[in-house]
Structure formats: C-alpha cells, structure tokens
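In what follows, a structure is listed as structure tokens, so that the remarks can point back to it.
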Amino acid sequence: MEDTSQHSVKLKEFFGENSREFEKKLLSEAVNVKDKIDEILAIGNIDLVNNAHKLVVYIIDGKEKELQLFAKQEGIAWASHSIDLSFKLEWVQAIRRTLWNFLEQYNALVNEQIPLNFFKLEKEINTRVDAFLNTFFISYSTYKDSLIMAHRKLVENLSVPIIPINTSVCILPLIGSVDVFRTSILEEKVLNEIGISRIQTLIMDLSGIADMEAEVIDHLMKIIDAASLMGCNTVITGFRAEVVKKMIKLGITFDPKTKTLGTLQQALNEYLII
Numbered sequence: 001m002e003d004t005s006q007h008s009v010k011l012k013e014f015f016g017e018n019s020r021e022f023e024k025k026l027l028s029e030a031v032n033v034k035d036k037i038d039e040i041l042a043i044g045n046i047d048l049v050n051n052a053h054k055l056v057v058y059i060i061d062g063k064e065k066e067l068q069l070f071a072k073q074e075g076i077a078w079a080s081h082s083i084d085l086s087f088k089l090e091w092v093q094a095i096r097r098t099l100w101n102f103l104e105q106y107n108a109l110v111n112e113q114i115p116l117n118f119f120k121l122e123k124e125i126n127t128r129v130d131a132f133l134n135t136f137f138i139s140y141s142t143y144k145d146s147l148i149m150a151h152r153k154l155v156e157n158l159s160v161p162i163i164p165i166n167t168s169v170c171i172l173p174l175i176g177s178v179d180v181f182r183t184s185i186l187e188e189k190v191l192n193e194i195g196i197s198r199i200q201t202l203i204m205d206l207s208g209i210a211d212m213e214a215e216v217i218d219h220l221m222k223i224i225d226a227a228s229l230m231g232c233n234t235v236i237t238g239f240r241a242e243v244v245k246k247m248i249k250l251g252i253t254f255d256p257k258t259k260t261l262g263t264l265q266q267a268l269n270e271y272l273i274i
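Sequential numbering from 1 applies to the sequence shown in the UniProt record's numbering.
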C-alpha cells in the first residue's frame, strides 16, 4: 500500500478545482448553520466558509500545529461573542461528511493510478477532525471561564464602589440588595482600601438599600468595627425606616463612635473640605 501522504498535493489540487462544489455540498449538509452564516460573520467577523477551506487544507496536509492553533483561535472567537456551540458542532461535522464525500470522488478518479490506503486515511482524517473539535471546545471553555471570572470581578468592583472625596475621606454608596455574599466582598474591599489608601473617614450611604436581613446588618456592624480598629471612622447616612425598624425590633445598635446622618448631603457638608 502506498503512503497516504503522497496524495496530499493532488488532494489539495482537487479541492481547489472543485471549491464551489465543495461549498454547495457543505451548505446542503449544514442545514441549521447555512442560514446563520451572515449573522455569525456580522457578530464575530467569523467567515465560516473560508474557515472551512482552511480547516480542510490543514487536515489534508496533516499540519498538526497549525490545526491546533486554528482551533484555539476559533474557540476564543466563538467564546468572545457567545455564539451558540451547536452551530460549531454541526458545521464541523458537516465539513467532515463533505470532506469524505469528496475523498470518495477523488478516489474514483485516481483509484487505478494510486490506490488509497483507506484504513490509514480514515484514521488520519477523523483523528485530525476530532483533534480540532477537542482543542476548540477546550479553548472555548477556558476562555469563557476567564470571561466569566473577569465579569464577576467587574460586578464585584461595581457592587462596592469606594469613591475618594479627598486624601482622607471616601464615600461608599450601596445600592440594590445586600446579601451575605455581597457583604463578604464589601468587607474585603473596604478593609483593603483602608489599608492601601489610609482612609480616615468612610461615609457609607445606605439610602439605596430598601431592606437588609439581620445577618447582613450584623456583618455590616462587624465591618464598621474592623474599620475602626484600622483607624477609620465610619459615618452612616440614609438609613431607611424599614431597616431602622428591623434593627430596633432585633435590639441591634451601632457602636456609639459610629456617627449617623440623615442624608449623604449632610455628611458631605460636614466632611468635604474645599
């Protein structure tokens, strides 16, 4: 049996001469993806048809490194734009079927001249397609995870926005719901920021908080106590009536050193040095 590598050049020539037919057959195989080609191009600048030709060349040539790099790049591109993975899977499997259809046609043309070692060819082709898919999905998953983590960090930073007013005074406006998870983030960021920026007064505005659970209030008090140990006085503004009623009912009170004011504007008038 002749080594299948000798067919590489002729196979590429065959696919190049029949590229239009290859595309038509590919689109007929990719039933759900064919109507999404323009949309995917617009969303992520991903040219599925041209990429299919590139993938076929890498597979035929056995360019393992190029194939792996291409798969990684594709994985990152699809993850970046959150394109449905089912389209990618269908597209690659359609490429596989179309590739074998054209290999069959090629074999019919050259069978008597250079017989193909079918079993070796089958192993090489399918292994490369599977390797592409495997690397693609790993790359997609890894990059997607990194995007999620980056987004989570961004959300955490936005959920605890410490705003400097001058060299010693900062404002921490809390908006929306505050749960145990958020207070944990709050504790870490507040204490770190006090240590780094040497904050002497932290104005914590709660006017954007409609209600808080007892354990959240308790955690908040511990954060204030911890800030005090680091030399930072906390001023609380904007307590809602609902929160105050709950604190009275639960018998919760702040340390006498913790100052409370009705509004953020009052705190700014008192602590803002122009």
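Glycine is no exception: its CB is placed at the ideal position from the N, C-alpha and C atoms.
| Check | Outcome |
| --- | --- |
| MET204 - DSSP class collapsed to helix/strand/coil | strand |
| Whole-angstrom C-beta distance between PHE136 and GLY75, which should lie under 8 Å | 5 Å |
| Reduced DSSP category for ILE274 - H, G, I as helix; E, B as strand; rest coil | With a pLDDT of only 46 at ILE274, under 50, the local geometry of the prediction cannot be trusted, and the value read off the model is given with reservation. Coil at ILE274, not helix or strand. |
| Residues near LYS72 by beta carbon distance below 8 Å, same chain, minus five either side | THR135, PHE136, SER139 |
| ARG152 to TRP100 span [Cα, whole Å] | 44 Å |
| 6 Å CB neighbourhood of residue 286 in its chain, flanking five on each side removed | The chain is shown from 1 up to 274; residue 286 falls before or after that span and cannot be answered. |
| Anticipated Cβ contact below 8 Å, ILE185 with TYR271, distance rounded | Contact doesn't hold; Cβ gap of about 25 Å is too wide. |
| Cutoff 7 Å; reference ILE46; Cβ partners in own chain excluding five residues on either side | ILE40, ALA77 |
| For LYS259, the three-state DSSP class (helix, strand or coil) | strand |
| Limits of the unbroken alpha helix (DSSP H) element including VAL178 | No alpha helix (DSSP H) contains VAL178, which DSSP labels as neither H nor E. |
| Anticipated Cβ contact below 8 Å, ILE217 with MET247, distance rounded | 6 Å |
| Paired residues, beta bridge with VAL235 - DSSP | ILE203, LYS259 |
| The stretch 235-243 / the stretch 256-264 touching (three or more Cβ pairs under 8 Å) | yes |
| Simplified DSSP assignment, three categories, for ILE163 | strand |
| Exposed unless 16 or more other CB atoms sit within 10 angstroms - verdict on ALA267 | buried |
| Beta-carbon proximity list for GLY44, same chain, < 8 Å, skipping 5 on both sides | ALA77, TRP78, SER80, HIS81, ILE83 |
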